[in-house]
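Enquirer: Mind looking over this structure? Questions follow.
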Ligand code: ACO
């Protein structure tokens, strides 16, 4: 069944161009966000819109996540992120994002059971890890192996019903942590640790990362809580670059494994999932005396560098995730007794920037990445694994968006247009006469 678009019956927009006026329908969302429907624009006028970076373009309607960047609001399926962070678990949140409602006790138990069943990788998949060089970037390994999962589950390349979708989603959410941990163990030359179904999702991941044969890694409760929050707060963020990539790849009717693998690649960049590593590099430079806070701020103002972990395309007052992670970073460091000097530098840097007109005029505030790197360091996660951690957390969101696109009955293949600015037609020049 096709989704109905929420048209506003008593409102249209009028566009006049080349002496011709057309009426364009208006849509209104549940949070009163308005949009002008321009689907008939090219047919009626010959014009297209121009919106580099898509800052004014709604590519879809979506029921999953609401972000109000002006007021620092983030809700998954209507639930405020603060409430989910205070009371929920990552698995419950994943279920909520993917299936639309918080699970009942029985549903949560069943979902956990399926995740436990799916946590092992096919033994043949181990050999894929042997093919990668030990210094191979874990993000490349993650993307490749998630895509390769499709080879082991050919029955799930076409998803036609809810049960198949549930199985594919559970496989990816469960196995992504095994793949991520093994990519790290491969780089360290350490034996792969098999998952332990007795452990919760986050404890199990830390076990696969840090246990060694005959020596089980035992994280503190505050470490597990910090990791839970890290994953939960990263679980979705509506139409960001990687989510839009997943939706775009799905729009070709590509399978779930391939689509989320593309999402991992999109997440990799420094301006997206790579930003938390950028934050740590920046803080380390200050710690190591290569620069100082005032010097770095001056460099930012000369536009030589960016203040990593600051600014957001959507949040223009504060990022609610950053607030929660700042507290979690404190609690975790207190629980382990480890005093990370990077946290002190981060707090001081934030204080300076938040009191400086350059940043306040441009509405630049700490984003989720500003404190997340400190949490990851406190969990013993190396910097090149930071975007991998983001990808594990974001997986439920990508899966939910893939499913929304797959089932809404209205999605067309994504195919933006362009304004061509190249050469006019010209004659082919034979090689001997080229200057
Ligand atoms: N440091 C310094 N100046 C900045 C920063 C920053 N972090 N971010 C934006 N600006 C400035 C720009 O130089 C520009 O100034 P100008 O008007 O004088 O030219 C103005 O603010 C607007 O910047 P844009 O690049 O147009 O903002 P955009 O919305 O495109 O960028 C982005 C958003 C990419 C997140 C940007 O703020 C940035 O690069 N931040 C640092 C990287 C980062 O933390 N990324 C993580 C984002 S959150 C996530 O992916 C989970």
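Numbering (the numbering used here), first residue to last: 24 to 458. C-beta atoms are modelled at their ideal positions from N, C-alpha and C, and glycine is treated no differently.
1) With 16 as the cutoff for other CB atoms within 10 Å, does residue 174 come out buried or exposed?
2) Suppose you measure from the CA of residue 146 to the CA of residue 176; what does that come to, to the nearest Å?
3) In chain order, what are the residue ranges of uninterrupted alpha helix (DSSP H) at least 4 long that sit wholly in the stretch 59-93?
4) Please classify residue 381: does DSSP put it in a helix, a strand, or coil?
5) Should residue 141 go down as buried or exposed, given a rule of 16 or more other Cβ atoms within 10 Å for buried?
6) CA-CA distance, residue 369 and residue 458?
7) Among 298, 409 and 222, which has the Cα closest to the Cα of residue 162?
8) Is the stretch 413-431 in contact with the stretch 270-283, if contact means three or more CB pairs nearer than 8 Å?
9) Are three or more beta carbon pairs between the stretch 343-355 and the stretch 97-116 nearer than 8 Å?
10) Output the residue ranges of the alpha helix (DSSP H) runs that lie fully inside the stretch 171-249 and measure 4 residues or longer, sorted by chain position.
11) Is DSSP giving residue 139 helix, strand or coil here?
12) Using the Cα positions of residue 102 and residue 120, report the straight-line distance between them to the nearest angstrom.
13) Which whole-angstrom value describes the C-beta separation of residue 260 and residue 90, a residue pair presumed to lie in contact below a C-beta threshold of 8 Å?
14) Specify the secondary structure class of residue 324 as computed by DSSP and reduced to three states.
15) Starting from residue 50, follow the beta strand (DSSP E) in both directions and report where the run begins and ends.
16) Run the proximity test for residue 219: is its beta-carbon closer than 7 Å to any non-hydrogen atom belonging to ligand 1?
17) Identify every run of the alpha helix (DSSP H) within the stretch 284-342, keeping only runs that are complete inside it and at least 4 residues long; order them along the chain.
18) What residues are listed by DSSP as bridge partners for residue 57?
19) Would you please state the rounded distance, in angstroms, between the beta carbons of residue 249 and residue 268? I believe it to be under 8 Å.
20) Can you check whether the CB of residue 220 is closer than 8 Å to the CB of residue 139?
21) Within 8 Å, do at least three Cβ pairs link the stretch 41-58 to the stretch 291-304?
22) Could you tell me the alpha carbon to alpha carbon distance between residue 360 and residue 213, rounded to whole angstroms?
23) Taking DSSP's pairing of strands, which residues face residue 98 in a bridge?
24) If you follow the alpha helix (DSSP H) that residue 119 is part of, which residue opens it and which one closes it?
25) Identify whether residue 387 lies in helix, strand or coil by the three-state DSSP scheme.
26) Just checking residue 323 against ligand 1 - is the residue's beta carbon closer than 7 Å to any of the ligand's heavy atoms?
27) Just the C-alpha distance for residue 367 and residue 196, rounded to the nearest angstrom, thanks.
28) State yes or no: is the C-beta of residue 375 within less than 8 Å of the C-beta of residue 309?
29) Applying the 10 Å Cβ sphere with the 16-neighbour rule, what's the burial state of residue 381?
30) Residue 422 lies in the alpha helix (DSSP H); which residues open and close that run?
31) Are residue 296 and residue 414 closer than 8 Å when you measure CB to CB?
32) Taking the continuous alpha helix (DSSP H) assigned at residue 392, which residues delimit it?
33) Using DSSP bridges, identify the partner residues of residue 275.
34) May I ask whether a heavy atom of ligand 1 can be found less than 7 Å away from the beta carbon of residue 391?
35) Count the C-beta pairs between the stretch 182-190 and the stretch 153-173 that are closer than 8 Å, then say yes if the count reaches three, no if not.
36) How many Å lie between residue 225 and residue 128 at the Cα?
Expert: In terms of the structure at hand:
1) The count along the chain shown starts at 1 and reaches residue 174 at position 151. Its Cβ having fewer than 16 others within 10 Å, residue 174 is exposed.
2) Position 123 of the chain shown, counted from the start, is the residue given in the question as residue 146. Position 153 of the chain shown, counted from the start, is the residue given in the question as residue 176. One C-alpha to the other measures close to 14 Å.
3) 64-68
4) Along the chain shown, read from residue 1 onward, the residue named residue 381 stands at position 358. It is helical.
5) Counted from its first residue, the chain shown places residue 141 at position 118. Buried, by the Cβ-count rule.
6) Counting from one through the chain shown, the residue named residue 369 turns up at place 346. Counting from one through the chain shown, the residue named residue 458 turns up at place 435. Taking the straight line from one Cα to the other gives about 56 Å.
7) What you label residue 162 is simply residue 139 of the chain shown in a count that begins at 1. Checked all of 298, 409 and 222; the closest Cα to residue 162 is 409.
8) yes
9) yes
10) 185-211 and 224-233
11) Here residue 139 is taken as the residue at index 116 of the chain shown, counted from 1. Residue 139 falls in the helix class under three-state DSSP.
12) The count along the chain shown starts at 1 and reaches residue 102 at position 79. The count along the chain shown starts at 1 and reaches residue 120 at position 97. Cα to Cα, residue 102 sits roughly 10 Å from residue 120.
13) The count along the chain shown starts at 1 and reaches residue 260 at position 237. The count along the chain shown starts at 1 and reaches residue 90 at position 67. At roughly 7 Å, the Cβ-Cβ gap stays under 8 Å, so residue 260 and residue 90 are in contact.
14) Translated into positions along the chain shown, residue 324 becomes position 301. Here residue 324 sits in helix by DSSP.
15) Counting from 1 along the chain shown, the entry for residue 50 is found at position 27. Residues 43-51.
16) The residue you call residue 219 lines up with position 196 of the chain shown. Not so, every heavy atom of ligand 1 lies at least 7 Å from the Cβ.
17) 298-310 and 316-324
18) The residue labelled residue 57 in the question sits at position 34 within the chain shown. According to DSSP, which records beta bridges pairwise, residue 57 is partnered with 51.
19) Taking the chain shown and counting its residues from 1, the one referred to as residue 249 is at position 226. Taking the chain shown and counting its residues from 1, the one referred to as residue 268 is at position 245. No, residue 249 and residue 268 are not in contact; Cβ-Cβ is about 28 Å, not under 8 Å.
20) Here residue 139 corresponds to residue number 116 of the chain shown, with the count starting at 1. Here residue 220 corresponds to residue number 197 of the chain shown, with the count starting at 1. Taking 8 Å as the Cβ cut-off, residue 139 and residue 220 qualify as a contacting pair.
21) no
22) Against the chain shown, residue 360 aligns to sequence position 337. Against the chain shown, residue 213 aligns to sequence position 190. Their backbone Cα atoms lie some 27 Å apart in a straight line.
23) What you label residue 98 is simply residue 75 of the chain shown in a count that begins at 1. DSSP, once it has assigned bridges, lists 89 and 103 as partnering residue 98.
24) Working through the chain shown from its first residue, we reach residue 119 at position 96. It spans 113-122 - the alpha helix (DSSP H) in which residue 119 sits, taken as one unbroken run.
25) What you label residue 387 is simply residue 364 of the chain shown in a count that begins at 1. If DSSP states are grouped into helix, strand and coil, residue 387 belongs with coil.
26) Position 300 of the chain shown, counted from the first residue, corresponds to residue 323. True, at least one ligand heavy atom lies under 7 Å from that Cβ.
27) Counting from 1 along the chain shown, the entry for residue 367 is found at position 344. Counting from 1 along the chain shown, the entry for residue 196 is found at position 173. Their Cα atoms are separated by approximately 34 Å.
28) For the purposes of this step, residue 375 is taken as residue 352 along the chain shown, with counting starting at 1. For the purposes of this step, residue 309 is taken as residue 286 along the chain shown, with counting starting at 1. Not a contact, by the Cβ cut-off of 8 Å.
29) On the chain shown, residue 381 is found 358 positions in, with the first residue counted as 1. So residue 381 ends up on the exposed side.
30) As a working note, residue 422 is residue 399 in the chain shown. Looking at the DSSP string, the run of the alpha helix (DSSP H) that includes residue 422 is 409-430.
31) One-based indexing of the chain shown puts residue 296 at position 273. One-based indexing of the chain shown puts residue 414 at position 391. Yes, these two residues count as a Cβ contact at 8 Å.
32) For the purposes of this step, residue 392 is taken as the residue at position 369 of the chain shown. 392-401 is the span of the alpha helix (DSSP H), which, as asked, contains residue 392.
33) Stepping through the chain shown from its first residue, residue 275 is reached at position 252. Bridge partners of residue 275: none, in fact.
34) As a position in the chain shown, residue 391 is number 368, starting the count at 1. Result yes, Cβ under 7 Å from ligand 1.
35) no
36) For the purposes of this step, residue 225 is taken as residue 202 along the chain shown, with counting starting at 1. For the purposes of this step, residue 128 is taken as residue 105 along the chain shown, with counting starting at 1. Distance between the alpha carbons of residue 225 and residue 128 is about 19 Å.
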